[in-house]
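Peer 1:
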Amino acid sequence: MPIYEYKCSKCAAEFEKLVFSSTKVQCPNCGSAEVRKKLSTFGMSGLANPAAESSSSKCSSCSKSSCASCH
Ligand SMILES: [Zn+2]
């Protein structure tokens with residue numbers, strides 16, 4: 000059975016859900032149906048890692064999330 004990752008378009012909550020063909024997916028946080036399906040967690044470890052996304056917002060020349068010299 001496929002488990003998909005979703006991200007709510009309204010409150011940006013991320014969650015996983017078992018999805019069947021007739022399943023309506025709603026955000027467990029705010030109840031919105033405006034959710035985006037992300038890639039399956041299977042076989043995509045690393046690429047779907049939230050830590051990898053957050054690292055892209057960091058400075059390219061240092062590991063800090065904020066520094067005066069890189070911005
Ligand atoms: Zn939500």
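Numbering (numbering that gives the first Met the number 0), first residue to last: 0 to 70.
Don't be surprised by glycine CBs; every beta carbon is placed ideally from N, CA and C.
As the structure is a computational prediction, the values presented were derived from the model and not from experiment.
1) Drop a sphere of 10 angstroms on the beta-carbon of residue 29, count the other beta-carbons inside from all chains shown, and report buried for 16 or more, exposed for fewer.
2) Just confirm the distance between the C-beta atoms of residue 16 and residue 37, as a whole number of angstroms; I'd bet it's less than 8 Å.
3) Spatial neighbours of residue 32 within its chain, please: C-beta separation below 6 Å, excluding the five flanking residues on both sides.
4) Report all residues for which the CB-ligand distance to some heavy atom of ligand 1 is below 5 Å; order them along the chain.
Peer 2: Reading off the structure:
1) exposed
2) Rounded, the Cβ-Cβ distance is 11 Å, inconsistent with contact.
3) 25
4) 7, 9, 10, 12, 26, 28, 29 and 31
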